[in-house]
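A.B. asks: Sending over a structure as structure tokens; questions will come in a sec.
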Amino acid sequence: MKKHDTETSGVEHTEQKMEVTEVTGDETGVALEPAERIRQLEDALAAKEAEVAANWDKYLRERADLENYRRRVQKEKEDLMKYGNECLLTEILPVLDNMERALDHASEESLSAVIEGVNLTRSMLLSVLKKFGVEPIEAKGATFDSAFHQAMCQVESADVAPNCIIEEYQKGYLLNDRLLRPAMVSVAAAKKNGAE
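Pasting the structure below:
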């Protein structure tokens, strides 16, 4: 039995030596590996920090560009509001001049000359408005349409079909086929039975 114990003891002793050898071999590798690993991690950290700094710089530049763009758009919008009608107003000024001329000649000439001057001025103004896409809405005699007409009153009539426009109080206008101002009108209503 001693022989068997000796054999077993020898095997255990050999395993212990192998373990010691393995640990000793690993210790040398472990001592070098953490330093190398730390250097790699520091390099990776430095690269990421540089990337973060570059991204932050890019963010700040983009933000500044966006702010500049917003300011520029706001200024353009303000200028458009201030000067957007410049072309229209330049075209209207001659109409105003003609109205002043008509008024100046009103005391010197007959009423017919004033009427002629006002009609000429009206024609000029309508021409300018048409040039800029403004068209009058033809209302009198048309069927009432709430999209283009504003009913001021209803008038009972046996002569005019119900829902037809009898009178126009104020002309309506379209700007490039979009309603600028509705026409103010009176609309025919069916005559009630027994009413005279």
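So the mapping is simple: the working numbering equals the position in the sequence shown, first residue as 1, plus 65. We put the CB at the ideal spot given by N, CA and C, even for glycine.
Which runs of the beta strand (DSSP E) fall wholly inside the region 172 to 255 and span at least 3 residues, in chain order?
C.D. replies: For the region 172 to 255, whole beta strand (DSSP E) runs of length 3 or above, ordered along the chain, are 199 to 202, 214 to 221, 230 to 235, 237 to 240, 243 to 246 and 248 to 254.
A.B. asks: If you count every other CB in all the chains shown that lies within 10 Å of the CB of T186, and 16 or more means buried, which is it?
C.D. replies: Locating residue 186 in the sequence shown gives position 121, where the first residue counts as 1. Classification of T186: buried, given that the 10 Å Cβ count is 16 or more.
A.B. asks: Classify P99: buried if its beta carbon has 16 or more other beta carbons within 10 angstroms, exposed otherwise.
C.D. replies: By 1-based counting over the sequence shown, the position of residue 99 is 34. P99 comes out exposed.
A.B. asks: I'd like to know whether the C-beta atoms of V250 and Q219 end up nearer to each other than 8 Å.
C.D. replies: In the sequence shown, the residue the question calls residue 250 occupies position 185. In the sequence shown, the residue the question calls residue 219 occupies position 154. Cβ distance not < 8 Å, so V250 and Q219 don't count as in contact.
A.B. asks: Taking contact to mean 3 or more Cβ pairs, one atom from each stretch, closer than 8 Å, check whether the region 195 to 205 and the region 233 to 251 are in contact.
C.D. replies: Counting Cβ pairs under 8 Å, three or more are found: they touch.
A.B. asks: Buried or exposed for I103, please, with buried defined as at least 16 other CB atoms from any protein chain shown within 10 angstroms of its CB.
C.D. replies: Locating residue 103 in the sequence shown gives position 38, counting from the first residue. It counts as exposed.
A.B. asks: When you compare the CB positions of R246 and Y234, do they come within less than 8 Å of one another, or not?
C.D. replies: Position 181 of the sequence shown, counted from the first residue, corresponds to residue 246. Position 169 of the sequence shown, counted from the first residue, corresponds to residue 234. Taking 8 Å as the Cβ cut-off, R246 and Y234 do not qualify as a contacting pair.
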